[in-house]
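Participant: Numbering of the sequence shown is given in my numbering, commencing with residue 395 and proceeding in unit increments. The structure's right below; bear with me while I get my questions together.
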Amino acid sequence: MRSSLVRQFGDPGQVIDLVDIDRATPGAGEVEIAISLSAINPSDLIPVTGAYSVRTALPFVPGFEGVGVVTRIGPGVRDLKPGDRVVPIGASGLWQQFLVRPAEWCFSVPDDIDDTPAATSYVNPLTALRLVEQLREHFGSLKGRSVGVTAAGSAIGGMLLRLLDLEDVETTAIVRSEKTVSRLADADRIIVADGADLPPRLAFDAVLDAVGGTLAGGLITRSVQSGGIFIQYGALSGVPVPQAAISGWPDVRFAFLWLRNWVHSAGRDALEAAFERSFAGLRDGLFTSPIAATYPLSRLAEALAHQADPRRDGKILLDPRC
Ligand SMILES: NC(=O)c1ccc[n+]([C@@H]2O[C@H](COP(=O)([O-])OP(=O)(O)OC[C@H]3O[C@@H](n4cnc5c(N)ncnc54)[C@H](OP(=O)(O)O)[C@@H]3O)[C@@H](O)[C@H]2O)c1
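The following block contains the structure:
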């Protein structure tokens, strides 16, 4: 079968090979899934660079998100059968034609959700839901709170703006360039800033940050009010949040959110409930991700080049069937 494979850490454009490997046979409690579509997310590429080398064993197949059809079931599997459409989660490996996963890590996709939305139903919707939940745990009611969202033009940024709008939060979208502004209809206010150029007199109750670096440091020290919270869930700048900003402002709570940690501790019921909310959000547009292009897995190099293009205006999907 066709698969991608990372044998050494490095630039994703250089080190992800296309290979022809044997299909695995599902063991007890496992299913084999023919992947129909998988997504390329920033979180797929970070382990390829070696950033998490202590917990990433080589070689590995990238891809944490996608949708497919069950083709074979191993002994003891009762809740799934060949032909069922599922989103398999819990480990990487979606950038290949066939994937074997424990049935307990597969979530059924309702018939009215097409493959394209299903392929982006996991990583960003569940993270956005968790981030809003984390705000609720900190503040109780969110009504009337002021929240800044960095990298607001990203897929998850759009979801956060829409979710917060439903909670009557006053949202500020923070983006690095004017080109994104037209995509931010759901924000109450828009700031174009990439670090040191933050406008004066910002006063947020909370910031949800996927950028890190100078921008995060500036937001913690100059925008989050006492008693507020700064949640980091990404580092698109490639630079960590400055430690001096974290330790120098003890009145601002600093928190992380990594979906992976929640997923591996939440339990099946909580995950099913989260997927139900994700599918509902896909039906009503809350969790829609714009799609820039779909590439056959055989053209992975082109797909990765498009992913890295700063003009990209949506998610890149891979079709491992071709
Ligand atoms: N913690 C978790 O578990 C978790 C889960 C889901 C997502 N995430 C994180 O969320 C972030 C966004 O993910 P996504 O899937 O929504 O990505 P995406 O749709 O691919 O969007 C990324 C966008 O972020 C903006 N961006 C990139 N580099 C930037 C920088 N240095 N400064 C400011 N903006 C920058 C760009 O928008 P413009 O070109 O319009 O500026 C880019 O299009 C990633 O960091 C990802 O790792 C984390």
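Backbone N, C-alpha and C define an ideal beta-carbon position, used for all residues, glycine too. Keep in mind that this is a model prediction, so the values were computed, not measured.
State the Cα-Cα distance for the pair D478 and A497, rounded to the nearest angstrom.
Facilitator: Whole-angstrom Cα-Cα distance: 11 Å.
Participant: Looking at C-alpha atoms only, which residue of A549, A695, V409 is the closest neighbour of V569?
Facilitator: Of the candidates A549, A695, V409, the one whose C-alpha sits nearest the C-alpha of V569 is A549.
Participant: In the DSSP assignment, the beta strand (DSSP E) including L613 goes from what residue to what residue?
Facilitator: Element bounds for L613: not the beta strand (DSSP E) but the alpha helix (DSSP H), 607-616.
Participant: Just reading off the alpha helix (DSSP H) that A428 is part of, what are its end residues?
Facilitator: Where A428 is concerned, there is no enclosing alpha helix (DSSP H), although the beta strand (DSSP E) it sits in stretches over 424-434.
Participant: Just tell me which of R466, D438, V526, R449 has its CA closest to the CA of G421.
Facilitator: Checking every option, the nearest Cα to that of G421 belongs to R466.
Participant: Going by beta-carbon coordinates alone, are V517 and L536 separated by less than 8 Å?
Facilitator: No. Outside cutoff.
Participant: Are the CB atoms of D645 and S620 nearer to each other than 8 Å?
Facilitator: Yes, the pair counts as a contact, with Cβ atoms nearer than the cut-off.
Participant: Nearest to D678 by alpha carbon, out of G487, R556, V543?
Facilitator: Checking every option, the nearest Cα to that of D678 belongs to R556.
Participant: Skipping 5 residues on each side, what residues in its chain have a beta carbon closer than 6 Å to that of G375?
Facilitator: Given that the chain is displayed from residue 395 to residue 716, the structure contains no residue 375 and the question cannot be resolved.
Participant: State the CB to CB distance for the pair L390 and L554, rounded to an integer number of angstroms; the pair is presumed to be in contact (CB under 8 Å).
Facilitator: Residue 390 cannot be examined here, being either before or after the span of the chain that is shown, 395 to 716.
Participant: In this structure, does DSSP put A545 in helix, strand or coil?
Facilitator: Coil.
Participant: Kindly indicate the opening and closing residues of the beta strand (DSSP E) around I410.
Facilitator: Start and end: 410-414.
Participant: Start and end of the beta strand (DSSP E) containing A357?
Facilitator: Look at the range of the chain in this structure, 395 to 716, and you will see that residue 357 is not part of it.
Participant: Taking the runs of the alpha helix (DSSP H) that are 4 residues or longer, which of them lie wholly in the stretch 475-533?
Facilitator: Counting whole runs of 4 or more residues, the stretch 475-533 contains the alpha helix (DSSP H) stretches 509-512, 517-533.
Participant: Once DSSP output is grouped into helix, strand and coil, what is the label at A418?
Facilitator: The answer is coil: DSSP assigns A418 none of H, G, I, E or B.
Participant: Between which two residues does the alpha helix (DSSP H) carrying G642 extend?
Facilitator: First-last of the alpha helix (DSSP H) with G642: 637-642.
Participant: Straight-line CA distance for T682 to P636?
Facilitator: T682 and P636: Cα-Cα distance of roughly 33 Å.
Participant: Considering only residues of the stretch 667-692, which uninterrupted alpha helix (DSSP H) runs meet the minimum length of 4 residues and lie entirely inside it, listed in chain order?
Facilitator: The qualifying runs do not exist here; there are none.
Participant: Hey, would you say the C-beta of T574 is under 7 Å away from at least one heavy atom of ligand 1?
Facilitator: The answer is yes for T574.
Participant: State yes or no: is the C-beta of P453 within less than 8 Å of the C-beta of L399?
Facilitator: Yes, these two residues count as a Cβ contact at 8 Å.
Participant: Taking the alpha-carbon positions, what's the S659 to G468 distance?
Facilitator: Between S659 and G468, the C-alpha separation is close to 25 Å.
Participant: Spell out a yes or no on whether the stretch 691-705 and the stretch 397-412 are touching, meaning 3 or more CB-CB pairs, one atom from each, closer than 8 Å.
Facilitator: Touching, yes, given that three or more Cβ pairs across the two stretches are closer than 8 Å.
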